[in-house]
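Worksheet: the structure to be examined is printed underneath.
Protein chains in written order, with the working numbering: chain A, 36 to 324; chain B, -4 to 644.
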């Protein structure tokens, strides 16, 4: 019987945990799970990680970048399998996806920027001017912005809108450049958490939002191209099994998202007077009414 | 009181199957959970139970002798009624141990469908007096989740007088505002806290400012001035049990299994030890330490032991687990609004009574101004906001006489929140007002409705605080003698249209004025500015407001009971939409926060427009210059509230 610790940032990511557990079950991995959830509170993650270490777990499944950073900060050599860490290299967790070395491996949650750009073309064929709203202190946001900027050129004109702290979103009405066709939100916790404020202002000027965080679609974004967290968790189970069977985590390559999903919001489209194409609707994994 | 092992019920929140198993294993006597029907698949987490899982969960709980309650505690719109009917039929087949309800329409539906499942009143029903409890008992409600502002001694009295089972929150996340009476998220974001979608404007950072906007920062304890700490009654279990609280409710249906398990275990052990040996009981320091270390916010006993003052609030915001929104500039008149092109069919009742204009005023001068400028009805009474004083009986008598000279009717109102003190006073007041013969009484909660029926023969009307969101609620109010109901401030134009089409009573809509986002027992200025100033001079001499990070100033109005009423930063103005609201019987201006000259000018403008709508009908065109005139009158910028949304969620 293996003892596996699960370190979670918020319940929003529980799909990944369920995918991981079901993957372990399918592989016949005899395991007892110890689940620790910070409920969004970043400060308590190191303490929760230490609790898992005290339980002498054989492996930690770390869900989210902060949880992985906390688990990686533990003394000792408990192996860590992570997801949906957006940028494992940028977060300083590993130096290579192919050969991570050390005690970590996992599945990165990044959906490639060129796929997102292509998705926006399909969703809003007439769009030319894109605003990109990001938190300037979030390394994930900065990385995605960089990739997105490259992928969008020259087909979109990109206007970058940065916030330094969450309260800046209160002034978004004054920060949005005129004549935007859509607003794109790269991955980033503060922008995602305060999505209600963003959609409030965007609605007032009939501006469609394309997000990177799946729950934002249900909350009023027009659409998103996102990783299936359950699948990522499931893929992590295979890596965990290899580690528990003796392979060093540092020898297991970090995978990336293979088949991102389309999420759409039909209600938001109607409000904005946008017609969603039949092929997009049929391809979509989730369509919110 | 002789205690038995079943004297107290420990009630745990459940959002997922995993939590269900853990909560029951940890020793919960009962669990409460929600179905998926009214969640509209908004969150893709596994929270809440689909129909099949509901059936399994009930069986799982019953096999382990655990009771299971299902929350059906959202306000529902007319369009959702049929879906609610079929959901209730399903639940009747499944036979959970109770339904926890909010919307008064469910009382109607339960009778219509012969629902045999016991009904419990949700905290969102804002039940805080014995008269309300008796009304609910008449409709088969066997238990109330009493409002969070009630102290244990009030709870004990309520239980003794009515015999109702009391469910009381003992642990978890709390609101700063009175349950079911917070309109902030619903009006601002179109996402109603009364429909399970609160975006928590109470957890924004604010600065306390005076009437001129000057920041009062001398002893500011921190920016999160409305952020209530988590409830924790672990240290006071004996008081809870001896107060006669039947069910100890843990809050947190979205919490994890580990979180719920720990809390249930700790309270289970304490309750069992106390019941086995009450005099020998002491708290378990280890359990207390575990609870404390695993806490998310800091703990408070909230209102259980009396008004907590500054102790209620976590000013630093450091322990806030998550923020759901940042402050926004409220929708102004220029914000694009969704306005349906089709006009509602004229309501025959409205045609009969003409287009009535009602104005709520604070004082005699405003009453005169409203009468002189065309108000058909003036509301007086209820809360008096400092420095205004409450209306004396003599002043009410004079007001009735004065209004009669203008052919204006006077309707006397009652406060929204009426706990023990106010009930005692209102018993005397209603009987006295009855003799003064105003044209009616407008009540603000179901307890006052019952009291008014008993003590008065005046026509009764229902205020907006009764949360009328569908026509069955109207019908329920009608069955209790109400002759006119006020539509919820959270309803959008589409929802209003549906309501008008089906209503059995004339309906009133608030079309202009200073609206209250929240009602709080917590006094913000006295908590922030401290006691050195002397509490009474604090609010007698000064006016306060909360300034948010979007630069919006929300006035704090303090009533004669020291409650704080937090206003929206912008005043509602539906003048441009009057024509599309043709089916409304009575239009109201909430003018109690205006000066008399402002009341007069605004009344005159609405009078003129309503008359024009009636006489010109299809030829009517709105004159934009009128809006500029209205904006110039003040005192605040004008906004459109929920009217920017197609559907209020």
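Ideal placement from N, C-alpha and C gives every residue a C-beta, glycine not left out.
With 16 as the cutoff for other CB atoms within 10 Å, does residue 74 of chain B come out buried or exposed? Flag for residue 74 of chain B reads exposed.
Within the same chain, show all residues whose beta-carbon is closer than 6 Å to that of residue 170 of chain B, passing over the 5 residues directly before and after it, in chain order. Excluding residues within five positions, none has a Cβ falling inside 6 Å.
Relative to the C-alpha of residue 10 of chain A, which candidate in B:446, B:627, B:289 and B:611 has its C-alpha closest? A query on residue 10 of chain A cannot be resolved here, the shown segment of chain A reaching from 36 to 324 and no further.
From residue 2 of chain B to residue 414 of chain B, what does the alpha carbon distance come to, in whole angstroms? Taking the straight line joining both Cα atoms gives about 26 Å.
When DSSP labels each residue in this structure, what does residue 298 of chain A get in the three-state scheme? Strand.
Please list, in chain order, the chain B residues whose beta carbon lies closer than 8 Å to that of residue 204 of chain A. Neighbours of residue 204 of chain A in chain B, taken as residues whose beta carbon is under 8 Å from its own, are 321 in chain order.
Between residue 95 of chain B and residue 140 of chain B, how many whole angstroms is the CB-CB distance? I'm expecting something under 8 Å. About 7 Å separates the CB atoms of residue 95 of chain B and residue 140 of chain B; that is less than 8 Å, so the two are in contact.
Quick check on the burial criterion: 16 or more other C-beta atoms within 10 angstroms. Buried or exposed for residue 481 of chain B? Around the beta-carbon of residue 481 of chain B, 16 or more other beta-carbon atoms lie within 10 Å, marking it buried.
Rounded to a whole number of angstroms, what is the C-alpha to C-alpha distance between residue 52 of chain B and residue 575 of chain B? Each residue's alpha carbon lies about 47 Å from the other.
Neighbour list for residue 659 of chain B in chain A, Cβ cutoff strictly below 9 Å: Beyond the ends of chain B as shown, which are -4 and 644, falls residue 659 of chain B; an answer cannot be given.
Residue-chain proximity (residue 36 of chain B, chain A), Cβ-Cβ < 8 Å: In this predicted model, residue 36 of chain B has a pLDDT of only 46, less than 50, meaning its place in the structure is not dependable enough to derive any value.
Residues of its chain near residue 23 of chain B, where Cβ-Cβ distance is below 6 Å and the 5 sequence neighbours each way are ignored: Sequence-distant Cβ neighbours of residue 23 of chain B in its own chain, meaning closer than 6 Å and more than five residues away, are 5, 7 and 259.
Which chain A residues sit within Cβ distance under 9 Å of residue 317 of chain B? Against residue 317 of chain B, the close residues of chain A are 45, 74, 75, 76 and 228, in the order they occur along the chain (beta-carbon pairs closer than 9 Å).
With 16 other CB atoms within 10 Å as the buried threshold, where does residue -4 of chain B fall? The Cβ neighbour count for residue -4 of chain B, taken over all protein chains shown within 10 Å, is under 16; the residue is labelled exposed.
Just mark residue 238 of chain B as buried or exposed, buried being the case when its beta carbon has 16 or more other beta carbons within 10 Å. Flag for residue 238 of chain B reads buried.
What residue ranges within the stretch 93 to 150 of chain A form continuous beta strand (DSSP E) runs of no fewer than 3 residues, ordered along the chain? Within the stretch 93 to 150 of chain A, the complete beta strand (DSSP E) runs of at least 3 residues are 94 to 98, 115 to 118 and 139 to 141.
If you measure between the beta carbons of residue 138 of chain B and residue 159 of chain B, is that distance less than 8 Å? Going by C-beta atoms, residue 138 of chain B is nearer than 8 Å to residue 159 of chain B.
Based on the DSSP output, what are the partners of residue 437 of chain B in its beta bridges? Answer is B:408 and B:456.
Unbroken alpha helix (DSSP H) run spanning residue 268 of chain A, endpoints: Taken as a continuous stretch (DSSP letters only), the alpha helix (DSSP H) holding residue 268 of chain A covers 264 to 279.
If we call anything under 8 Å between Cβ atoms a contact, is residue 544 of chain B one with residue 197 of chain A? Result no, Cβ atoms of residue 544 of chain B and residue 197 of chain A do not sit closer than 8 Å.
Pull up the distance between the alpha-carbon of residue 541 of chain B and that of residue 292 of chain A, whole angstroms please. Looking at the backbone, the Cα of residue 541 of chain B and that of residue 292 of chain A are separated by about 46 Å.
Cβ of residue 174 of chain A within 8 Å of Cβ of residue 125 of chain A? Residue 174 of chain A places its beta carbon less than 8 Å from that of residue 125 of chain A.
On the DSSP bridge assignment, give the partners of residue 513 of chain B in chain order. Residue 513 of chain B is bridged by DSSP to B:561.
Per the DSSP calculation, residue 4 of chain B is bridged to which residue(s)? DSSP output for residue 4 of chain B lists B:242 as bridge partner(s).
Taking C-alpha atoms, which residue in B:327, B:49, B:115 and B:183 lies nearest to residue 626 of chain B? Among B:327, B:49, B:115 and B:183, the Cα nearest to that of residue 626 of chain B belongs to B:327.
May I have the straight-line CA-CA distance separating residue 37 of chain B from residue 74 of chain A, to the nearest angstrom? Confidence is the limiting factor: at residue 37 of chain B the pLDDT is only 49, short of 50, which leaves the residue's position unreliable and the question unanswerable from this model.
By Cβ distance below 6 Å, which residues in the same chain neighbour residue 137 of chain A in space, the five residues on each side in sequence not counted? Annotation for residue 137 of chain A: 285 place their beta carbon closer than 6 Å to its own, counting only its chain and skipping 5 residues before and after.
Quick check on residue 54 of chain A: does DSSP put it in helix, strand or coil? Residue 54 of chain A: helix per DSSP, three-state reduction.
Residue 114 of chain B bridges to which residues according to DSSP? Per DSSP, B:94 and B:136.
Can you give the Cα-Cα distance for residue 562 of chain B and residue 220 of chain B, rounded to whole angstroms? Those two C-alpha atoms are separated by around 15 Å.
Buried versus exposed, by CB contacts within 10 Å (16 or more), residue 281 of chain A: Per the 10 Å Cβ criterion, exposed.
For residue 372 of chain B, collect the residues of the same chain with a Cβ closer than 8 Å to its Cβ; drop the 5 residues on either side in sequence, then sort them by chain order. Here residue 372 of chain B has 351, 352, 353, 354, 403, 404, 405, 406, 434 and 581 as same chain residues with Cβ atoms under 8 Å from its own Cβ, once five neighbours each way along the sequence are excluded.
Determine which residues of the stretch 296 to 311 of chain A have a Cβ less than 7 Å from any Cβ of chain B, and write them out in chain order. Along the stretch 296 to 311 of chain A, the positions whose C-beta sits under 7 Å from a C-beta of chain B are 306, read in chain order.
Boundaries of the beta strand (DSSP E) in which residue 170 of chain A is found, first to last residue: Where residue 170 of chain A is concerned, the enclosing beta strand (DSSP E) stretches over 164 to 170.
Using alpha carbons as the reference points, say which of A:163, A:202, A:211 and A:214 lies closest to residue 189 of chain A. With respect to the C-alpha of residue 189 of chain A, the residue from A:163, A:202, A:211 and A:214 having the closest C-alpha is A:163.
Beta-carbon proximity list for residue 12 of chain B, same chain, < 6 Å, skipping 5 on both sides: There are no such residues.
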